[in-house]
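A.B. asks:
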Amino acid sequence: MEWEGDDTVLDAGCGTGEICMFISQQPGVASVVGFDVSPDFVSYASQQNSSTNILYHVADVSDLSTIKPEWQGAFSKVVSFSVLHWVRDKVTALKALHSCLKPGGEIVMVFATDESKIIPNYLKMAAHPRWAIYFKDFSPNLFPWPSSDLVNHSSHLLEECGFEVLSCHTKEHQHLFESEEKLRDTLFAMYPDLRYIPRNKHEEFLHDFENMAREAQVISEDCKITEFLSFVQARKL
2 MEWEGDDTVL DAGCGTGEIC MFISQQPGVA SVVGFDVSPD FVSYASQQNS
52 STNILYHVAD VSDLSTIKPE WQGAFSKVVS FSVLHWVRDK VTALKALHSC
102 LKPGGEIVMV FATDESKIIP NYLKMAAHPR WAIYFKDFSP NLFPWPSSDL
152 VNHSSHLLEE CGFEVLSCHT KEHQHLFESE EKLRDTLFAM YPDLRYIPRN
202 KHEEFLHDFE NMAREAQVIS EDCKITEFLS FVQARKL
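Plus 1 on top of the position in the sequence shown (first one is 1) and you've got my numbering.
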C-alpha cells in the first residue's frame, strides 16, 4: 500500500495505537481513525499514542451498530492487523469495512489462518493447571481464517463482499522484538481473553504463556515470534 497524499486512514482493531501513531507520521497521510473493541486499549492508545491527526474510538467491527455513520465512505485506506481471526462473522466485518471505504479505496489485512502455530497455544492456556480456575466460563473466541478460502492468490469471501483482491499470500513471518518488555506488550495486545484473569495477575499469566509458546518453538529465546500469516490487499469496487 502506498500513501497518495491527503489519505484518510481507518485502523480496524487498533489495539494500543502504535500502528496508528506510525501511520499518522507518514508523508501523504492526513488523518487516522483507530477503533478497538477494548475500552482499555482505546484508553491506553489515547494517552500513550495520541497526535493531533489521530482519533480513537471504541467499536466492534462485527457489530454494525457501533460503526459510526460518519465513517461511511469516509476513508481512502483501511488497515486491519491481527484482528479478523478473532471475529466469528467475517462477512459482517468485511461488509462493515467495505462501507467505510471511498469508491476505489484500498484495504490491507493481516490475519492468522487455520494453519496458525500460535493459536493452539492460546487455547491451551485455558486448561493450564494454574489458570483453569479463571476459565470456567471460557468460550473460545478464536476463529482463524479458513485456508480453503485463500486459493489462487485470491479470497472468495472478499470478492463476495465487494472487493477486488489485488494480492493475497500466506507465508511464515518472523518478528524480532528488542526486549522482553516489547514482546510482553505485543502479547498483551494480542490476547483479549486476559479479561478472564485478574489484572494483578496479567504479568504472571503472560509469562506462563511465553514459556508454553517457547516450548512449542513459536517464541525463541531471543524474543522472536514465528507465525504463519496471510497478507491481503484489496480494492473497493
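C-beta: ideal position from N, C-alpha, C; glycine also. This one's a predicted model, so the numbers in the text were calculated from it and none came from an experiment.
#1: DSSP three-state label for residue 89, please.
#2: Please state whether DSSP places residue 20 in a helix, a strand or coil.
#3: With H, G and I counted as helix, E and B as strand and the rest as coil, what does DSSP make of residue 199?
#4: Who are the Cβ neighbours of residue 30 in its own chain at under 7 angstroms, not counting the five residues just before and after it?
#5: What residues are listed by DSSP as bridge partners for residue 113?
#6: Looking only at its chain, what residues have a beta carbon closer than 8 angstroms to the beta carbon of residue 50, apart from the 5 residues adjacent to it on each side?
#7: Where does residue 121 sit, in a helix, a strand or coil, going by DSSP?
#8: Where does residue 1 fall in DSSP's three states?
#9: For residue 67, which residues of its own chain have a beta-carbon under 6 angstroms away from its beta-carbon, when the five flanking residues on both sides are left out?
#10: According to DSSP, which residues form a beta bridge with residue 78?
#11: So within the segment 142-190, which uninterrupted alpha helix (DSSP H) runs reach at least 4 residues, ignoring any that extend past its ends?
#12: Among 179, 208, 218, 36, which has the Cα closest to the Cα of residue 80?
#13: In chain order, what residues of the same chain lie with their CB nearer than 7 angstroms to the CB of residue 156, ignoring the 5 residues before and after it?
#14: Classify residue 97 as helix, strand or coil using the three-state DSSP reduction.
#15: Tell me which residue opens and which closes the beta strand (DSSP E) that residue 31 is part of.
#16: List the whole-angstrom C-beta distance separating residue 118 from residue 227, where the pair is believed to meet the contact cut-off of C-beta under 8 angstroms.
#17: So, helix, strand or coil for residue 58, using DSSP?
#18: Using 7 angstroms as the threshold, is the C-beta distance between residue 114 and residue 231 below it?
C.D. replies: Inspection of the coordinates gives the following:
#1: Residue state for residue 89 is assigned as coil, using DSSP reduced to three classes.
#2: In this structure, DSSP gives residue 20 a helical state, which the three-state scheme calls helix.
#3: Here residue 199 sits in coil by DSSP.
#4: Counting only residues of its own chain and dropping the five nearest sequence neighbours on each side, residue 30 has a CB closer than 7 angstroms to the CB of 4, 8, 10, 24.
#5: The partner list for residue 113 (beta bridge, DSSP) reads 230.
#6: Taking residue 50 as the centre and dropping the five residues before and after it, the same chain places the C-beta of 17, 18, 19, 21, 22 closer than 8 angstroms to its C-beta, in chain order.
#7: The answer is helix: DSSP assigns residue 121 an H, G or I state.
#8: Because residue 1 is not part of the residues shown, which for the chain are 2 to 238, the question remains open.
#9: The beta carbon of residue 67 sits closer than 6 angstroms to the beta carbons of 60, 61 from its chain, once the five residues preceding and following it are set aside; these are given in chain order.
#10: The bridge partners DSSP lists for residue 78 are 10, 107.
#11: Runs of alpha helix (DSSP H) with 4 or more residues, each lying fully within the segment 142-190, are found at 157-161, listed in chain order.
#12: Comparing Cα-Cα distances from residue 80 to each of 179, 208, 218, 36, the minimum goes to 36.
#13: Apart from sequence neighbours up to five positions away, the residues of its chain that approach residue 156 with a beta-carbon distance below 7 angstroms are 150, 166, 169, 233, ordered along the chain.
#14: For residue 97, the three-state secondary structure derived from DSSP is helix.
#15: That run of the beta strand (DSSP E) goes 30-37.
#16: Indeed, because the Cβ distance is near 7 angstroms, the residues count as touching under 8 angstroms.
#17: Here residue 58 sits in strand by DSSP.
#18: Yes, Cβ-Cβ distance for residue 114 and residue 231 is below 7 angstroms.
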